[in-house]
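Enquirer: Attaching a single structure in structure tokens format; questions to follow.
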Amino acid sequence: MDFRDSPEEAAFRTELRSWLAGELPPDWRDRQPHVGRWDFAAARQWTRKLFDAGYAGLTWPREFGGKGLPPTYQAIYLEEMARVDAPDHVGVIGLGMAGPTIIAHGTPEQKAIHLRGILSGETIFCQGFSEPGSGSDLASLRTRAVRDGDDYVVTGQKIWTTQAQFANWLFALVRTDATVKPQAGISFLLIDMTSPGVTVRPILSASGDHELNEVFLDDVRVPVANRIGAEGEGWGIAKFLLENERGGTGYAPQLLADLDRLVAAASPLGALLADRATRLRLEAEALEMTELRTLLEIEQGQPPAPRSLAVKLIASEIRQGIEALAVDAFGLAGLQLPTERPFHADDAPPLVGPPEAGLAAARYLNARAWSIFGGTSEIQLNLIARAAPAAP
Ligand SMILES: Cc1cc2nc3c(=O)[nH]c(=O)nc-3n(C[C@H](O)[C@H](O)[C@H](O)COP(=O)(O)OP(=O)(O)OC[C@H]3O[C@@H](n4cnc5c(N)ncnc54)[C@H](O)[C@@H]3O)c2cc1C
Numbered sequence: 000m001d002f003r004d005s006p007e008e009a010a011f012r013t014e015l016r017s018w019l020a021g022e023l024p025p026d027w028r029d030r031q032p033h034v035g036r037w038d039f040a041a042a043r044q045w046t047r048k049l050f051d052a053g054y055a056g057l058t059w060p061r062e063f064g065g066k067g068l069p070p071t072y073q074a075i076y077l078e079e080m081a082r083v084d085a086p087d088h089v090g091v092i093g094l095g096m097a098g099p100t101i102i103a104h105g106t107p108e109q110k111a112i113h114l115r116g117i118l119s120g121e122t123i124f125c126q127g128f129s130e131p132g133s134g135s136d137l138a139s140l141r142t143r144a145v146r147d148g149d150d151y152v153v154t155g156q157k158i159w160t161t162q163a164q165f166a167n168w169l170f171a172l173v174r175t176d177a178t179v180k181p182q183a184g185i186s187f188l189l190i191d192m193t194s195p196g197v198t199v200r201p202i203l204s205a206s207g208d209h210e211l212n213e214v215f216l217d218d219v220r221v222p223v224a225n226r227i228g229a230e231g232e233g234w235g236i237a238k239f240l241l242e243n244e245r246g247g248t249g250y251a252p253q254l255l256a257d258l259d260r261l262v263a264a265a266s267p268l269g270a271l272l273a274d275r276a277t278r279l280r281l282e283a284e285a286l287e288m289t290e291l292r293t294l295l296e297i298e299q300g301q302p303p304a305p306r307s308l309a310v311k312l313i314a315s316e317i318r319q320g321i322e323a324l325a326v327d328a329f330g331l332a333g334l335q336l337p338t339e340r341p342f343h344a345d346d347a348p349p350l351v352g353p354p355e356a357g358l359a360a361a362r363y364l365n366a367r368a369w370s371i372f373g374g375t376s377e378i379q380l381n382l383i384a385r386a387a388p389a390a391p
């Protein structure tokens, strides 16, 4: 397999690199330390710039505002963004999950309402799948939707809803029939977050960051026209969407860039830490090769799974390895959370060490989530085992 850029890909890379050099605000790093502690308005402005320059939705079909490019261009985009640590598009849930699902299964009206806004960052989607008691066993979900004329009346609770505090739309799995087998009674709805009866409550993570929320739905009226697919066919739509969430490629460039930045900031590393850094680099490079191979296979029309499932699993392990290395490498400075965190002692000594050290503890704690979101590592292993060919 030839992983080198074609002349067209090389031209795209050069153009993007020079665009980033000219457009990335010089102070953006101070405003975007990491997910959960970002300046959302600034992130949205940056998204608008990406959109105006044509870098949002590279792989989306042209008729829906995308560029219709093969996935290798998305890989180049991610590599170049990671190289300068540029913030990504603000609406990754819309771009990577809601958008492709609406393109594949939505009505013409749903496409007209949502797709452009997702690309430009005006429309932020959040994902209402998990519920208290229904995570890995998603089909047991209990949020119910009862038909009333041209509406559904939706009642229930969603949890761990990323970005719900910013979102104007929620895509949700709801139970429309409790008398059939669990998967067959589920429908897929698009819910306007400004509807009466929608309440968002923050969940602070161990680092004190606000990324996650609970979403309460109390007699929320949702037009039947906001259903994607037929009633009772939501499980099939969710499976399509989860292929986008669980699979995925494009983790390695950010992992490699973050590891390089860590090694530069924490050097000189002692022998044991240098050994860990080298191992992580080798693993991330191997992951990069696997991601590129998966992309080329997708381009040739082959299904991404199960290799793409393994990619997320391995990426989670490398991410956690990098953040653990950072905490160890920065010593005491790497153990402190930024002072404004809720449980941080007022009289804590000031941080010592480079600015990266001040983020290490929060990033370490947040990285624990990698082996949980988008399907836990145990569930990924189950899926890989099921999909892998039986041993001879
Ligand atoms: C940072 C973050 C962001 C998230 N964002 C969203 C979001 O935006 N929208 C959304 O809907 N959800 C979101 N989630 C929720 C996430 O999808 C669930 O947490 C995840 O699916 C696990 O479900 P659970 O928490 O109920 O754990 P459980 O399913 O109760 O699992 C508990 C433990 O049991 C293990 N386990 C369960 N079943 C099996 C099995 N069959 N075989 C082996 N082991 C098993 C699990 O691996 C896990 O270790 C997010 C989670 C996190 C951490």
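In terms of numbering that gives the first Met the number 0, the sequence shown opens at residue 0 and continues consecutively. We treat Cβ as the ideally placed atom computed from N, Cα and C, and that holds for glycine.
1. Could you tell me which of R16, D26, A386 sits nearest to P303, measuring between CA atoms?
2. Quick check on this structure: which residue in A103, Q156, Q109, A205 has the alpha carbon closest to the alpha carbon of L189?
3. For the alpha helix (DSSP H) that contains F101, what are its first and last residues?
4. To the nearest whole angstrom, what separates the beta carbons of G320 and L358, a pair I think is in contact under 8 Å?
5. Where does the unbroken beta strand (DSSP E) through A144 begin, and where does it stop?
6. Is S129 closer than 8 Å to W159 when the C-beta atoms are compared?
7. Exposed or buried, what is L271 when buried is set at 16 or more other beta-carbons lying within 10 Å of its beta-carbon?
8. In whole angstroms, give me the CA-to-CA distance for P250 and T13.
9. Mapping DSSP to helix, strand and coil, what is P60?
10. Rounding to the nearest angstrom, what Cα-Cα distance links R16 and E79 in this structure?
11. In this structure, does DSSP put Q44 in helix, strand or coil?
12. Excluding sequence positions up to five away, which residues of its chain have a Cβ less than 8 Å from the Cβ of L268?
13. How many angstroms separate the CA atom of K311 from the CA atom of G148?
14. According to the neighbour-count rule (16 or more other Cβ atoms, all chains shown, within 10 Å of its Cβ), is K180 buried or exposed?
15. Would the C-beta of W234 count as close to ligand 1, meaning under 7 Å from any of its heavy atoms?
16. Compare the C-alpha of V199 against each of D191, D208, N212 and name the closest.
17. Measure from the alpha carbon of E22 to the alpha carbon of each residue in P222, Y54, D259, then state which is nearest.
18. Relative to the C-alpha of H88, which candidate in A273, L49, D217 has its C-alpha closest?
19. At which residues does the beta strand (DSSP E) containing L211 begin and terminate?
20. Determine the direct distance from the alpha carbon of M192 to that of W168, and round the result to whole angstroms.
21. Could you give the first and the last residue of the continuous beta strand (DSSP E) run that contains Q156?
22. Pull up the CB-CB distance for V214 and V153, whole angstroms please, since I reckon it's below 8 Å.
23. For V173, which of helix, strand or coil comes out of DSSP?
24. Is it true that the CB of I112 sits closer than 8 Å to the CB of A97?
25. Specify, as a first and last residue, the run of the beta strand (DSSP E) that G127 falls within.
26. Any heavy atom of ligand 1 inside 7 Å of the beta-carbon of G333?
27. Given this structure, state the Cα-to-Cα distance separating L286 from D176, to the nearest angstrom.
28. Please indicate yes or no: does the CB of E22 lie closer than 7 Å to some heavy atom of ligand 1?
29. What did DSSP end up calling R200 once you bin it into helix, strand or coil?
30. Nearest by alpha-carbon distance to S206: which of D257, T293, G333 is it?
31. Should W159 be listed as close to ligand 1, given that the test is whether its C-beta is under 7 Å from any heavy atom?
32. Along the chain, where does the alpha helix (DSSP H) that runs through F11 open and close?
33. Do Q156 and ligand 1 come close, with the Cβ less than 7 Å from some heavy atom?
34. Whose C-beta lies closer than 6 Å to the C-beta of R61 among residues of the same chain, with five residues either side of it excluded?
35. Are F165 and I123 touching if we call contact CB-CB under 8 Å?
Expert: With the structure as the only source:
1. Here residue 303 refers to the residue found at position 304 when the sequence shown is read from its first residue. The candidate whose alpha carbon is nearest that of P303 is A386.
2. To locate residue 189, count along the sequence shown from 1; it is residue 190. Relative to L189, the option among A103, Q156, Q109, A205 whose CA is nearest is Q109.
3. Position 102 of the sequence shown holds residue 101. Residue identity differs from the one stated: residue 101 is Ile in this sequence, not Phe. Unbroken alpha helix (DSSP H) run through I101: 98-104.
4. Here residue 320 corresponds to residue number 321 of the sequence shown, with the count starting at 1. Here residue 358 corresponds to residue number 359 of the sequence shown, with the count starting at 1. Incorrect: roughly 17 Å between the Cβ atoms, too far for contact.
5. Mapped onto the sequence shown, residue 144 falls at position 145. Secondary structure note for A144: its beta strand (DSSP E) is the uninterrupted segment 143-147.
6. Taking the first residue of the sequence shown as position 1, residue 159 is located at position 160. Taking the first residue of the sequence shown as position 1, residue 129 is located at position 130. Their beta carbons are under 8 Å apart, which means W159 touches S129 by this criterion.
7. Translated into positions along the sequence shown, residue 271 becomes position 272. Exposed, by the Cβ-count rule.
8. As a first step, residue 250 is located in the sequence shown; it is residue number 251 there, counting from the start. As a first step, residue 13 is located in the sequence shown; it is residue number 14 there, counting from the start. First, the amino acid is wrong: residue 250 is Tyr here, not Pro. Each residue's CA atom was taken as its position, placing Y250 and T13 some 21 Å apart.
9. Here residue 60 refers to the residue found at position 61 when the sequence shown is read from its first residue. The answer is coil: DSSP assigns P60 none of H, G, I, E or B.
10. Indexing the sequence shown from 1 puts residue 16 at position 17. Indexing the sequence shown from 1 puts residue 79 at position 80. Answer to the nearest angstrom: the Cα atoms are 6 Å apart.
11. If you number the sequence shown from 1, residue 44 lands on position 45. If DSSP states are grouped into helix, strand and coil, Q44 belongs with the helices.
12. Within the sequence shown, residue 268 is the residue found at index 269, counting from 1. Only V262, A276, A328 meet the Cβ criterion.
13. Stepping through the sequence shown from its first residue, residue 311 is reached at position 312. Stepping through the sequence shown from its first residue, residue 148 is reached at position 149. Rounded to the nearest whole angstrom, the CA to CA distance from K311 to G148 is 43 Å.
14. Along the sequence shown, one-based indexing puts residue 180 at 181. So K180 counts as exposed.
15. In the sequence shown, counting from the first residue as 1, residue 234 sits at position 235. In terms of side-chain proximity, the C-beta atom of W234 is found no nearer than 7 Å to any non-hydrogen atom of ligand 1.
16. As a first step, residue 199 must be located in the sequence shown, where it is residue number 200. When each option's Cα is compared against that of V199, the closest is N212.
17. Residue numbering aside, residue 22 sits at position 23 when the sequence shown is read from its first letter. When each option's Cα is compared against that of E22, the closest is Y54.
18. What you label residue 88 is simply residue 89 of the sequence shown in a count that begins at 1. H88 has its Cα closest to that of L49, out of A273, L49, D217.
19. Translated into positions along the sequence shown, residue 211 becomes position 212. Element bounds for L211: 209-222.
20. Position 169 of the sequence shown, counted from the first residue, corresponds to residue 168. Position 193 of the sequence shown, counted from the first residue, corresponds to residue 192. Straight-line Cα distance between these residues: approximately 5 Å.
21. Taking the first residue of the sequence shown as 1, we reach residue 156 at position 157. Q156 -> beta strand (DSSP E) spans 150-158.
22. Residue 214 sits at position 215 when you count from the first residue of the sequence shown. Residue 153 sits at position 154 when you count from the first residue of the sequence shown. Going by Cβ atoms, the distance from V214 to V153 rounds to 11 Å, so no, they are not a contact pair.
23. Here residue 173 is taken as the residue at index 174 of the sequence shown, counted from 1. In this structure, V173 counts as strand in the three-state DSSP scheme.
24. Here the question's residue 97 lines up with position 98 in the sequence shown. Here the question's residue 112 lines up with position 113 in the sequence shown. No; because the gap between Cβ atoms is not below 8 Å, this pair is not in contact.
25. For this step, residue 127 is matched to residue 128 along the sequence shown. Here the beta strand (DSSP E) through G127 covers 124-127.
26. Working through the sequence shown from its first residue, we reach residue 333 at position 334. Relative to ligand 1, G333 has its C-beta separated by 7 Å or more from all heavy atoms.
27. Locating residue 286 in the sequence shown gives position 287, counting from the first residue. Locating residue 176 in the sequence shown gives position 177, counting from the first residue. Distance between the alpha carbons of L286 and D176: 42 Å.
28. Along the sequence shown, one-based indexing puts residue 22 at 23. It does not: the Cβ of E22 is nowhere closer than 7 Å to a heavy atom of ligand 1.
29. Along the sequence shown, read from residue 1 onward, the residue named residue 200 stands at position 201. In the displayed model, R200 falls within a strand according to three-state DSSP.
30. For the purposes of this step, residue 206 is identified with residue 207 of the sequence shown, where counting begins at 1. Checking every option, the nearest Cα to that of S206 belongs to G333.
31. One-based indexing of the sequence shown puts residue 159 at position 160. Between ligand 1 and W159, a heavy atom-to-CB distance of less than 7 Å is present.
32. Counting from one through the sequence shown, the residue named residue 11 turns up at place 12. Counting along the chain, the unbroken alpha helix (DSSP H) around F11 starts and ends at 6-22.
33. Locating residue 156 in the sequence shown gives position 157, where the first residue counts as 1. Not under cutoff, so the answer is no.
34. Within the sequence shown, residue 61 is the residue found at index 62, counting from 1. Excluding residues within five positions, the ones whose Cβ falls inside 6 Å are G67.
35. As a working mapping, residue 165 is identified with position 166 in the sequence shown. As a working mapping, residue 123 is identified with position 124 in the sequence shown. The beta carbons of F165 and I123 sit closer together than 8 Å.
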